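Visitor: Pasting a structure below so you can have a look.
2 protein chains.
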Amino acid sequence: MNIGEASKSSGVSAKMIRYYESIGLIPAAGRTVAGYRVYSMTDVQLLRFIRRARDLGFSVEKIEELLALWQDRSRQSADVKQIALEQIAGLEVRIREMQAMMDTLRHLADACCGDHRPDCPILADLVNGPDHGSGAREEDQQSAPRSGKAAGLQAH
Amino acid sequence: MNIGEASKSSGVSAKMIRYYESIGLIPAAGRTVAGYRVYSMTDVQLLRFIRRARDLGFSVEKIEELLALWQDRSRQSADVKQIALEQIAGLEVRIREMQAMMDTLRHLADACCGDHRPDCPILADLVNGPDHGSGAREEDQQSAPRSGKAAGLQAH
DNA sequence: GCTTGACCTTACCATCATGGGAAGCCCTAT
DNA sequence: ATAGGGCTTCCCATGATGGTAAGGTCAAGC
């Protein structure tokens, strides 16, 4: 199997397959005399594993751990479960951060009449800070993590 | 005010202030004869605006739009509101994606007894795919976005 | 046999916002 | 004068991914 076919049947782009090889996440593929990478169904299975783990939000680093456990016959399922629980916890944190942003934005958007006039509580909040808001919107927020560094949250 | 002071009173790191200047998000600061950047309270206000917008998850690109509106006296609040609503929509999408991951992970973790034995439904799912799962966990998921490319979701 | 087009190879660059560090200049206090 | 801290610019790294360019390879059709 060439890399293109392996890509199609694993759902991992050829680019990423080469990348995973370069960082040592997967073993270096065999080569034809012409230098083409060659893949077996076993390799495709490995790639699918990685693909699914990525779909669950695991970082490549965590996937390395998962792969090591997968290939370790004497693994303890508790170790796998712990990685999963950590992943859940990380997702929870980021969801909560984004939820807090969304709540704030919703309050602001609700307070903005959104017409032709220039007056806008959204801009007012950005200029003066949340503590000078239009009155509401501080009682119903318990402890939004506005301090310290905000988590990076741009889509990319 | 030197950059250090401006940084402290705005909450934006000196590094980022220079970066924002380099990409044209903020105007180039004045300089002392020695080449030190000089900031006024007006500049600090601008930096605080940016800082708060970042805390709400806005990308630098969106902040550029917000700043343009802020400085446009004939702006329409509807334009600001639209940007906020887009931001909310984007956050919603990403939250839903992460929520779907979390739900799947929770199902898997619940099914994993997490003891010393190697048998693990989490690994089994990663190997065989969700369609060969241990029975449950497909009826109560309507249409998790497993197809196409997963959104990048690693913390950084 | 030769051409064409699809596929593969490596190598480099870009993303996005941020931090780290080095080399060197400047200012202030002792 | 010297020490220490702040400032400057420049380069590099992150994480996972895509894009592109220059060149080699393979298979099918003429």
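Top line first, the protein sequences correspond to chains A and B.
When you number the first sequence by my numbering, it's gap-free, plus one each residue, and the end is 145.
When you number the second sequence by my numbering, it's gap-free, plus one each residue, and the end is 145.
Note that the Cβ used here is the ideal one computed from N, Cα and C, for glycine as well.
The structure displayed is predicted, hence computed values, not measured ones.
1. Since I believe Ser29(A) is in contact with Met(-10)(A) (beta carbons under 8 Å), could you give me their beta-carbon distance rounded to a whole number of angstroms?
2. Within the 9 Å Cβ cut-off, does Pro16(B) reach chain A?
3. Give the residues of chain A in contact with Thr93(B), contact being defined as C-beta atoms less than 7 Å apart.
4. So with Cβ pairs under 9 Å, would you call Asp32(B) a contact of chain A?
5. Write down the C-beta distance between Ser2(A) and Ser11(A) rounded to the nearest angstrom, noting that I regard them as a contact closer than 8 Å.
6. So who's on the other strand from Arg20(A), going by DSSP bridges?
7. Near Leu36(A), what residues of its chain come up, given a Cβ to Cβ distance below 6 Å and the 5 sequence neighbours on each side ignored?
8. Measuring only the C-alpha atoms, how far is Glu81(B) from Lys51(A)?
9. Under a three-way DSSP split, which group does Phe38(A) fall into?
10. Out of curiosity, what's the CA-to-CA distance linking Leu58(A) and Asn117(B)?
11. Cα-Cα, which of Gln60(A), His105(A), Ala100(A) is closest to Ala113(B)?
12. Give the C-beta separation of Ile84(B) and Gln88(A) to the nearest angstrom, bearing in mind that I take them to be a contact with Cβ-Cβ under 8 Å.
13. Output, in sequence order along the chain, the residues in the region 79 to 93 of chain B whose CB is closer than 9 Å to any CB in chain A.
14. Please confirm whether Ile(-8)(B) and Ile15(B) have their CB atoms less than 9 Å apart.
Guide: For this structure:
1. 7 Å
2. Interface with chain A (9 Å Cβ-Cβ cutoff): Pro16(B) is excluded.
3. Leu45
4. no
5. Not really, about 14 Å apart at Cβ, beyond 8 Å.
6. Arg26(A)
7. Ser(-1), Val1
8. 26 Å
9. helix
10. Rounded to the nearest angstrom, the two C-alpha atoms are 16 Å apart.
11. Nearest to Ala113(B) by C-alpha distance, out of Gln60(A), His105(A), Ala100(A), is Gln60(A).
12. 6 Å
13. Gly79, Leu80, Glu81, Val82, Arg83, Ile84, Glu86, Met87, Gln88, Met90, Met91, Thr93
14. no
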